[in-house]
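Quick note, the sequences are listed as chains A and B, same order.
For what it's worth, this note's numbering labels the leading residue of the first sequence as 1, then goes sequentially.
For what it's worth, this note's numbering labels the leading residue of the second sequence as 1001, then goes sequentially.
Think of the CB as a built atom: it goes at the ideal place given N, C-alpha and C, for glycine as much as any other residue.
Notes follow once the structure below has been shown.
Number of protein chains: 2
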Amino acid sequence: MDIALLGGTGDIGEGLALRLAYDTNHAVRIGSREASKAEAKAEEYLNELDSRGTEAEVTGHANPEAAAGADVVVLAVPAYHLTDTIEAVTDELTGVLVTPAVGMKRDEDGLHYNPPGHGSVTALARDAAPDEVPVVGAFHNLPAGRLADLDATFEWDTVVVGDDDDAKRTVMDITEGIAGLRALDGGGIANAGEVEAVTPLLVNLASENEGLHGLGVRFQ
Amino acid sequence: MDIALLGGTGDIGEGLALRLAYDTNHAVRIGSREASKAEAKAEEYLNELDSRGTEAEVTGHANPEAAAGADVVVLAVPAYHLTDTIEAVTDELTGVLVTPAVGMKRDEDGLHYNPPGHGSVTALARDAAPDEVPVVGAFHNLPAGRLADLDATFEWDTVVVGDDDDAKRTVMDITEGIAGLRALDGGGIANAGEVEAVTPLLVNLASENEGLHGLGVRFQ
């Protein structure tokens, strides 16, 4: 499949790009607002993969070009860039739109879940996307740094939420192609808030407990 | 230590009572609104422990008697009984008050976190308790059934939140006395919402994914 990672030059984008390229046969398109930045990052990822003897298809593009005709488009951008990123590619969307973003705010105690008025960032993406484009929430609770470190091993879950069962299944199958990741069905987009809220919890736990960092989550 | 489990006849109370009695040397006091009900449950727990060759101190009491002078008082009651349970024992509290309750509501999609206006049930307990009583949130994300099944093994975390470090440490130490449970510091009570919100997520995951039930959580 062709998987576009819009904002694929950022930290979670890098993690997903490297793991998808390393562990699966999907073609990975890195998207950025500037094509040149995406091309440079794609080159960097390819070098990293090559140093490990892995041949992969990773290319860099401006976001609309990356999204055009892709089977899956991942919005690997901060929550506050979600709607403008969707707007920039809206005419190009033909496949499944995936959002891993979480709204958070920091105060003196720690990081807190701060959902938009839509109830969750996933719901915000659904409302911003064209009606015919299925929106799926996934990859919210993955620590970017460890994901991008191909020497790191893990046993993590990602909870996948969506109102279109086929789209959800597509994203779950892609997820399970990554070694150490298990995809769990979280139900509909109405259930996204509780999934997104795990992300600030992971950050708080890493900051409060010595020896824990780059935490993911496993439900067992 | 003397640990009182108010509402210790209910499902999470049963799980905590059995595990504490089975795995630790703490004296466990079962509290209920009716002393006779608590006494009957304490007898039932003792029989279960005895059948496994475990001698333990488990006694049944009316809630105020259970709470009186206990080192730790656990409010093992539903969120909607939290404030009236605290009121009933408020003059007896001398130790740490622990709340595992979570506010939830069910709709057609699943179970959702439904915090009180205080921001979390833990914050509600803090506001309802006397100022000099330290309040700690813990045990939110433990599945009662598997906890109460002494044949079940697990590797779960419980996130402990509180604004009094000594009280938090006391609860973390008690938690780690239970085999398979790891206590993680979640920071202050302001961070409780994200911890409590994991509970409806666990229920949704068990209901959406075949073969998964009685889920706890591990951060790794």
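Given residue i, which residues of its chain have a CB within under 7 Å of its CB, disregarding the five upstream and five downstream residues?
| i | result |
| --- | --- |
| Leu1231 of chain B | With chain B running from 1001 to 1220 in the structure shown, residue 1231 of chain B is simply not present. |
| Arg218 of chain A | Glu155, Trp156 and Asp157 |
| Pro130 of chain A | Thr90 and Leu93 |
| Val133 of chain A | Leu93 and Leu97 |
| Glu39 of chain A | Gly60 |
| Ala67 of chain A | Ala4, Leu6, Gly31, Val73, Val89, Glu92 and Leu93 |
| Gly1095 of chain B | Ala1070, Asp1071, Val1072 and Val1073 |
Evaluate residue i with the Cβ neighbour count: other Cβ atoms within 10 Å of its Cβ, from every protein chain shown; 16 or more gives buried, anything less gives exposed.
| i | result |
| --- | --- |
| Asp1185 of chain B | buried |
| Gly162 of chain A | buried |
| Asn141 of chain A | buried |
| Arg52 of chain A | exposed |
| Arg29 of chain A | buried |
| Gly211 of chain A | exposed |
Pick out whichever of the options has its Cα sitting closest to the Cα of residue i.
| i | options | result |
| --- | --- | --- |
| Ala190 of chain A | A:Ala144, A:Leu147, A:Asp149 and A:Asp127 | A:Asp127 |
| Thr90 of chain A | A:Leu6, A:Leu142, A:Ala183 and A:Leu215 | A:Leu6 |
| Glu92 of chain A | A:Gly193, A:Thr170, A:Asp164 and A:Ala62 | A:Ala62 |
| Tyr1022 of chain B | B:Arg1169, B:Tyr1113, B:Asp1149 and B:Met1172 | B:Asp1149 |
| Thr1024 of chain B | B:Lys1168, B:Ala1125 and B:Ala1179 | B:Ala1179 |
| Ala76 of chain A | A:Arg52, A:Ala101 and A:Gly188 | A:Ala101 |
| Lys1168 of chain B | A:His213, A:Glu208, A:Asp151 and A:Val171 | A:Glu208 |
| Gln220 of chain A | B:Asp1164, B:Arg1146, B:Val1159 and B:Ala1183 | B:Arg1146 |
| Glu1055 of chain B | B:Arg1019, B:Ala1035, B:Leu1124 and B:Gly1031 | B:Arg1019 |
| Ala1079 of chain B | B:Leu1049, B:Gly1187, B:Gly1117 and B:Asp1050 | B:Gly1117 |
| Asp151 of chain A | A:Leu49, A:Glu34, A:Met172 and A:Gly211 | A:Leu49 |
| Glu176 of chain A | A:Ala138, A:His213, A:Ala206 and A:Val198 | A:Ala138 |
| Lys37 of chain A | A:Thr9, A:Ala17 and A:Gly13 | A:Thr9 |
| Val198 of chain A | A:Tyr113, A:Leu181, A:Asp166 and A:Glu65 | A:Tyr113 |
| Thr153 of chain A | A:Leu181, A:Ile174, A:Asp165 and A:Val135 | A:Leu181 |
| Glu1034 of chain B | B:Glu1065, B:Val1136 and B:Asp1165 | B:Glu1065 |
| Val135 of chain A | A:Asp166, A:Asp107 and A:Pro115 | A:Asp166 |
Give a yes or no on whether 7 Å exceeds the smallest Cβ distance from residue i to chain A.
| i | result |
| --- | --- |
| Gly1188 of chain B | yes |
| Glu1194 of chain B | yes |
| Glu1208 of chain B | yes |
| Pro1100 of chain B | no |
| Tyr1045 of chain B | no |
| Asn1204 of chain B | yes |
| Asn1191 of chain B | yes |
| Ala1197 of chain B | yes |
| Pro1200 of chain B | yes |
| Asp1084 of chain B | no |
| Tyr1022 of chain B | no |
| Tyr1113 of chain B | yes |
| Leu1184 of chain B | yes |
At the 7 Å Cβ level, is residue i part of the contact set with chain B, yes or no?
| i | result |
| --- | --- |
| Val217 of chain A | yes |
| Gly110 of chain A | yes |
Can you list, in chain order, the residues of its chain whose CB lies under 8 Å from that of residue i, leaving out five sequence neighbours each side?
| i | result |
| --- | --- |
| Thr1085 of chain B | Leu1006, Gly1007, Asn1063, Leu1075 and Val1077 |
| Leu1082 of chain B | Leu1075, Thr1099, Ala1101, Val1121, Leu1124, Ala1125 and Ala1128 |
| Asp1011 of chain B | Ala1144, Gly1145 and Ala1148 |
| Gly1214 of chain B | Pro1143, Gly1145, Arg1146, Ala1152 and Ala1206 |
Excluding the 5 residues flanking residue i on each side, which residues of the same chain have their C-beta closer than 6 Å to its C-beta?
| i | result |
| --- | --- |
| Asp2 of chain A | Ala27, Ala70 and Asp71 |
| Ser120 of chain A | Ala192, Gly193 and Glu196 |
| Gly1015 of chain B | Ala1144, Leu1147 and Ala1148 |
| Val58 of chain A | Ala21, Val28, Ala42, Tyr45 and Leu46 |
| Val159 of chain A | Leu184, Gly186 and Val195 |
| Met1172 of chain B | Val1160 and Ala1183 |
| Gly188 of chain A | Asp163 |
| Gly1013 of chain B | Leu1005, Gly1007 and Ala1076 |
| Thr1170 of chain B | Val1096 |
| Pro115 of chain A | Gly103 and Gly193 |
With a threshold of 6 Å (Cβ to nearest heavy atom), would residue i be considered close to the ligand COA?
| i | result |
| --- | --- |
| Ile1086 of chain B | With respect to the ligand COA, the structure offers nothing, as it holds no ligand at all. |
Mind listing the chain D neighbours of residue i? Cutoff is C-beta to C-beta under 8 Å, in chain order.
| i | result |
| --- | --- |
| Glu155 of chain A | Absent from the structure is chain D; the protein chains it does hold are A and B. |
3 or more residues per run - each beta strand (DSSP E) lying fully within the stretch 1108-1134 of chain B: 1111-1113
Can you check the stretch 1160-1196 of chain B for any beta strand (DSSP E) of at least 3 residues that lies completely inside it and give the ranges in chain order? 1181-1185
In chain order, which continuous runs of the alpha helix (DSSP H) of length 4 or greater are located wholly inside the stretch 22-76 of chain A? 35-50 and 63-67
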